[in-house]
Structure formats: structure tokens, C-alpha cells
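Q: In this text, residue positions in the sequence shown follow the working numbering: the first is 3, and each later residue adds one.
Here a beta-carbon is modelled for each residue, glycine too, at the ideal position from N, C-alpha and C.
Values in this document were obtained by computation on a predicted structure and should not be read as measured data.
The structure is given below, and queries will be raised subsequently.
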Amino acid sequence: MNQFSEAVEELCGSGVLDLLVFNGPIDRNGFDLVLDQTKPPVANEVMMVLTTLGGDADAAYRIATLLCRRYRTFHLLVPSYCKSAGTLLALGASEIIMADTGELGPLDVQIRKRDELLMRESGLEMVQGLQQLTSESVDAFGKTFIEVASGTGLSTRLCADIAAKVIGSLYGNIFQQIDPIRLGSVIRANAIAMHYGKLLGSKNLKPEALGRLVLDYPSHDFVIDRSQAEQLFNAVREPNPAEAKLVQAIEPLVKIPSTNKHIVKKLNTERRSHGAPKPAAKARSKRNVKGSGKSPEKATPPDSPKSSSSTTPTPSPGHGDPGASAGMSEAVSGRNGRTDRGLRTSARRRQPQSKN
Numbered sequence: 003m004n005q006f007s008e009a010v011e012e013l014c015g016s017g018v019l020d021l022l023v024f025n026g027p028i029d030r031n032g033f034d035l036v037l038d039q040t041k042p043p044v045a046n047e048v049m050m051v052l053t054t055l056g057g058d059a060d061a062a063y064r065i066a067t068l069l070c071r072r073y074r075t076f077h078l079l080v081p082s083y084c085k086s087a088g089t090l091l092a093l094g095a096s097e098i099i100m101a102d103t104g105e106l107g108p109l110d111v112q113i114r115k116r117d118e119l120l121m122r123e124s125g126l127e128m129v130q131g132l133q134q135l136t137s138e139s140v141d142a143f144g145k146t147f148i149e150v151a152s153g154t155g156l157s158t159r160l161c162a163d164i165a166a167k168v169i170g171s172l173y174g175n176i177f178q179q180i181d182p183i184r185l186g187s188v189i190r191a192n193a194i195a196m197h198y199g200k201l202l203g204s205k206n207l208k209p210e211a212l213g214r215l216v217l218d219y220p221s222h223d224f225v226i227d228r229s230q231a232e233q234l235f236n237a238v239r240e241p242n243p244a245e246a247k248l249v250q251a252i253e254p255l256v257k258i259p260s261t262n263k264h265i266v267k268k269l270n271t272e273r274r275s276h277g278a279p280k281p282a283a284k285a286r287s288k289r290n291v292k293g294s295g296k297s298p299e300k301a302t303p304p305d306s307p308k309s310s311s312s313t314t315p316t317p318s319p320g321h322g323d324p325g326a327s328a329g330m331s332e333a334v335s336g337r338n339g340r341t342d343r344g345l346r347t348s349a350r351r352r353q354p355q356s357k358n
């Protein structure tokens, strides 16, 4: 038995755990694959080995609720990257198992990039860029206003107008490049992620941790390792020996995130502890034999000697009936006896009598 088989046997041998691997973008196609792989569930608990760079918040929510609905306990094993929507999916897990190489990321919703069909960009980039731009423009306005007012002795209103024109000339072109409709969609996407997080993370997520995941981290690629995850989640641990053996065995499958295809596979199969089920007819036959105490007879072909000898035709009168044959032989022998006596008598009568 190789290392992979040993690890799966140790984790799933008792039949209480389904082992599911997911590597790829989190989207509707990924949800459909998870739906197929877990239908029907054969255990009470599931462990998902998740590697992803992120994806769709709606799909992440659906996958998490699907696993929570089909299984009593949902364990998440993070061997490598688990970013953005992957972190949102992790909020629904009962516990998070993080390898030394595993990392989560901020709840940075990925939105479709403008004029690009398959490329996505971070939703935090526009929001944080706008926040930074607004903060810098306000600071610049205050400094400019103070300098104008202190050096010229002009009225407050006139100093404010001068400062506004200066700041407008510096930052106006930058603000004009912001699309308000796109900005609104980004803000709404982040609000959706926040709401999904509240629905999923009520048990394992610590208070105030959701806001930190959505707003506090500076970039999409920010690393949240196991030590930082312990500050955000109630149940975070390192892999036990069997789980570590599994991570090592499937490392080629989960180390590098797949960006263009999904790898979704249930590693354990349905186990029958009592062997393969027997057909109903054979089972009934064996039960009948067991109750009668007799061994079942094998059927023989119609043209075999046993088959032909086992079939005894119903005797007809005079054909194969011992009684009838005996009666007919007696009748024939009696008739023949009377005929012989008659012939001998006739012969004596015809013989001439000798004269002495």
C-alpha cells in the first residue's frame, strides 16, 4: 500500500469522512462539480482540501452552504493558497486545518476586468485607491488653505476658493478617471462579501474579524498564515500525522493553484464492510436452503443423462406398466396352453389304431 492509500485509509477507513479535493477558480462550474461529487454523501463528515486564488463570492457561498447542508461537520484543509473567495468559503467550515505552507487571504472580491472576458481584478484596489486619493487631496487642501491665509491676509472664503482651485488642478484629472457606475458595483460586491461572511462565519469567526478581512488588509496577495488565522478564527490547528501524510501524498495535485480548469475529486469511494451485495434471487435461494438444511441442487441441461433419467413418463396401459404386462403375459400363456392341448387331442384322433 502506497503513501496515498495509507493516508486515505487512515482518514476514511472508518467510513465517517468523505475526502474532497478542490483546485481551481471558485465559480458556478466549480459548484456544479462539487454538487456532483458529493451526491449522495456516504459519510457524516467531509474534509475539503482547497487550493484556489479566489473567484466568485456567490459560488463560494453556495459551496459552503452545500457542504454544511449535506454533512454534519465540514473540515477545511489548506495545503497551499486559499485566497479571496476561498477565504469566504473557509468561513463556513467547522474548523480550519492549515499546513505550514497554507495561507488565507483578505476577502477581496474579484470582479471582471473591463474589456476583458476571462481576466478579473481586485475589488479592493479601486476602493483603497479612492480612499487614499481622497485622504491625500483633503490633506493637500488644508495645507494650501493655511499657507494662503497666513501669507496674504485674505478672507477665509477667498483663501478657500484659491486652495480649491489649486487642489482641483492637481487631482481633478485623476478623479475624472473614476467611473461612478463601476465604483458602485465594486462597493456593492464588497458589501455582498460582508453579508455572506456574516451568514457563514457566525460559529468559527471571532468578533470584529469579518471587518478586518474585508477592509483592513492592504492587498489581495497579503498572506494570512496559521498564526494570524488563529487571531481571526476560533478553531484553527495544524494537520495531524494522517493529514500531513495526505498533504505530502497529493502535493502535485494541490501545490500550485489551477487558473484555467477545475480539479474536483472525491478521494474515497463508497466502502462496503460486508462485501458486495448479492442479487435478490440468489439471496432468497440461500435463505431457503439454510432453513431447510439441504444443499441446493444444480440444474442440469435438458439433454444430459440426469435430466432425461429424472423424467419418468406416465405409463399407459400395456406400455411399461408392470401389472398390465404381467396380466397380458398370463393371458397369452393361458391361451397358448389351451391351443396346445387341442392340437394334441386332434392328432391322437387322426392316428390310425393298430390291430393286434
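(1) What did DSSP end up calling I252 once you bin it into helix, strand or coil?
(2) Please classify V140: is it buried, with 16 or more other beta-carbons within 10 angstroms of its beta-carbon, or exposed?
(3) Can you list, in chain order, the residues of its chain with a C-beta nearer than 7 Å to that of I226? Leave out the 5 residues immediately preceding and following it.
(4) With distance defined between alpha-carbon atoms, name the residue in T54, K41 and A162 nearest to A92.
(5) Do V256 and the ligand NAP come close, with the Cβ less than 6 Å from some heavy atom?
(6) Could you compute how far the alpha carbon of R30 sits from the alpha carbon of D58?
(7) Just to confirm my understanding: we take T40, look at its own chain, exclude 5 residues before and 5 after, and list those with CB closer than 6 Å. What are they?
(8) If you drop the 5 nearest sequence neighbours on each side, which residues of the same chain put their C-beta closer than 6 Å to that of Y63?
(9) Buried or exposed, going by whether 16 or more other CB atoms sit within 10 Å of the CB of G125?
(10) Count the other CB atoms within 10 Å of the CB of F177; is the residue buried (16 or more) or exposed (fewer)?
(11) Does the Cβ-Cβ distance between A191 and I113 come in under 7 Å?
(12) Please name the residue, chosen from A101, G94, G174 and K145, that lies closest to A162 on a Cα-to-Cα basis.
(13) Using 8 Å for Cβ pairs, my map puts L234 next to A211. What's the rounded Cβ distance?
(14) Closer than 8 Å is the cut-off here; do at least three beta carbon pairs connect the stretch 240-254 with the stretch 211-221?
(15) Grouping DSSP H, G and I as helix and E and B as strand, with all else coil, what is G26?
(16) Which residues in the same chain have their Cβ closer than 6 Å to the Cβ of L202, if we skip the five residues on either side of it in sequence?
(17) Can you give, in chain order, each stretch of the alpha helix (DSSP H) that sits fully within the stretch 188-252 and has at least 4 residues?
(18) In the DSSP assignment, what are the bridge partners of D20?
(19) Taking a contact to mean a Cβ-Cβ separation below 7 Å, would you say V392 touches F76 in this structure?
(20) Starting from the C-beta of E232, find all residues in its chain whose C-beta is less than 7 Å away, skip the five residues before and the five after it, and write them out in chain order.
(21) Should P81 be labelled buried (16 or more other beta-carbon atoms within 10 Å of its own) or exposed?
(22) Which residue comes first and which comes last in the beta strand (DSSP E) that contains L79?
(23) Classify S374 as buried or exposed, calling it buried when 16 or more other Cβ atoms lie within 10 Å of its own Cβ.
(24) Classify G131 as buried or exposed, calling it buried when 16 or more other Cβ atoms lie within 10 Å of its own Cβ.
(25) Cβ atoms of L269 and L21: under 7 Å apart, would you say?
(26) Taking the alpha-carbon positions, what's the P42 to L78 distance?
(27) Quick check on the burial criterion: 16 or more other C-beta atoms within 10 angstroms. Buried or exposed for D110?
(28) Measuring CB to CB, does E12 end up less than 7 Å from A244?
(29) To the nearest angstrom, report how far apart P182 and V188 are at their CA atoms.
(30) For a quick check, are the C-beta atoms of H264 and L68 less than 7 Å apart?
(31) So V266 and F24 are supposed to be a Cβ contact under 8 Å. How far apart are they, rounded?
(32) Assuming the contact rule is C-beta atoms closer than 8 Å, R228 and M100 should be a hit. Round their C-beta distance to whole Å, please.
A: Taking the structure as given:
(1) If you number the sequence shown from 1, residue 252 lands on position 250. DSSP places I252 in coil when its eight states are reduced to three.
(2) The residue you call residue 140 lines up with position 138 of the sequence shown. Using a 10 angstroms sphere on the CB of V140, the tally of other CB atoms stays under 16, which defines it as exposed.
(3) Position 224 of the sequence shown, counted from the first residue, corresponds to residue 226. So the qualifying residues of the chain are E105, L106 and G107.
(4) Taking the first residue of the sequence shown as position 1, residue 92 is located at position 90. Taking only the C-alpha atoms, the option nearest A92 is T54.
(5) This structure lacks the ligand NAP, and indeed carries no ligand of any kind.
(6) Numbered from 1 along the sequence shown, position 28 holds the residue referred to as residue 30. Numbered from 1 along the sequence shown, position 56 holds the residue referred to as residue 58. Approximately 8 Å, taken between the alpha carbons.
(7) Working through the sequence shown from its first residue, we reach residue 40 at position 38. Excluding positions up to five away in sequence, the list reads R72.
(8) Indexing the sequence shown from 1 puts residue 63 at position 61. Excluding sequence positions up to five before and after Y63, its CB lies within less than 6 Å of the CB of Y198, all in the same chain and listed in chain order.
(9) The count along the sequence shown starts at 1 and reaches residue 125 at position 123. G125 should be labelled buried.
(10) Here residue 177 refers to the residue found at position 175 when the sequence shown is read from its first residue. Within a 10 Å sphere around the beta-carbon of F177 sit fewer than 16 other beta-carbons, which makes this residue exposed.
(11) Numbered from its first residue, the sequence shown carries residue 191 at position 189. Numbered from its first residue, the sequence shown carries residue 113 at position 111. A contact, by the Cβ cut-off of 7 Å.
(12) If you number the sequence shown from 1, residue 162 lands on position 160. Of the candidates A101, G94, G174 and K145, the residue whose Cα lies closest to the Cα of A162 is K145.
(13) Walking along the sequence shown from the start, residue 234 turns up at place 232. Walking along the sequence shown from the start, residue 211 turns up at place 209. Confirmed, Cβ separation roughly 4 Å.
(14) Contact between the stretch 240-254 and the stretch 211-221 is absent, because fewer than three Cβ pairs lie under 8 Å.
(15) Reading the sequence shown from its first residue, position 24 is the one you call residue 26. Here G26 sits in coil by DSSP.
(16) Along the sequence shown, one-based indexing puts residue 202 at 200. Contacts found: A66, L93 and G94.
(17) Within the stretch 188-252, the complete alpha helix (DSSP H) runs of at least 4 residues are 228-234 and 243-251.
(18) Numbered from 1 along the sequence shown, position 18 holds the residue referred to as residue 20. D20 is bridged to V48.
(19) Only positions 3 to 358 of the chain appear in the structure, and residue 392 is not among them; the question remains open.
(20) On the sequence shown, residue 232 is found 230 positions in, with the first residue counted as 1. Spatial neighbours of E232 in its own chain (CB-CB distance under 7 Å, excluding positions within 5 residues in sequence) are listed in chain order as V238.
(21) Along the sequence shown, read from residue 1 onward, the residue named residue 81 stands at position 79. Classification of P81: buried, given that the 10 Å Cβ count is 16 or more.
(22) As a working note, residue 79 is residue 77 in the sequence shown. From DSSP, the beta strand (DSSP E) with L79 extends over T75 to V80.
(23) No answer is possible for residue 374: it lies beyond the span of the chain, which begins at 3 and ends at 358.
(24) Within the sequence shown, residue 131 is the residue found at index 129, counting from 1. By the neighbour-count rule (16 or more Cβ atoms within 10 Å), G131 is not buried but exposed.
(25) Looking up residue 21 in the sequence shown gives position 19. Looking up residue 269 in the sequence shown gives position 267. Yes; because the gap between Cβ atoms is below 7 Å, this pair is in contact.
(26) Sequence index remark: in the sequence shown, residue 42 carries index 40 (1-based). Sequence index remark: in the sequence shown, residue 78 carries index 76 (1-based). Rounded to the nearest whole angstrom, the CA to CA distance from P42 to L78 is 20 Å.
(27) Residue 110 sits at position 108 when you count from the first residue of the sequence shown. That one is buried.
(28) For this step, residue 12 is matched to residue 10 along the sequence shown. For this step, residue 244 is matched to residue 242 along the sequence shown. Using a Cβ distance threshold of 7 Å, E12 and A244 count as a contacting pair.
(29) Here residue 182 refers to the residue found at position 180 of the sequence shown. Here residue 188 refers to the residue found at position 186 of the sequence shown. The straight-line gap from Cα to Cα measures roughly 10 Å.
(30) Here the question's residue 264 lines up with position 262 in the sequence shown. Here the question's residue 68 lines up with position 66 in the sequence shown. Inclusion of H264 and L68 in the CB contact set at 7 Å is not warranted, their separation being larger than that value.
(31) For the purposes of this step, residue 266 is taken as residue 264 along the sequence shown, with counting starting at 1. For the purposes of this step, residue 24 is taken as residue 22 along the sequence shown, with counting starting at 1. Yes, V266 and F24 are in contact; Cβ-Cβ is about 5 Å, under 8 Å.
(32) Here residue 228 refers to the residue found at position 226 of the sequence shown. Here residue 100 refers to the residue found at position 98 of the sequence shown. Between R228 and M100 the beta-carbon gap is near 4 Å, inside 8 Å, which marks them as a contact.
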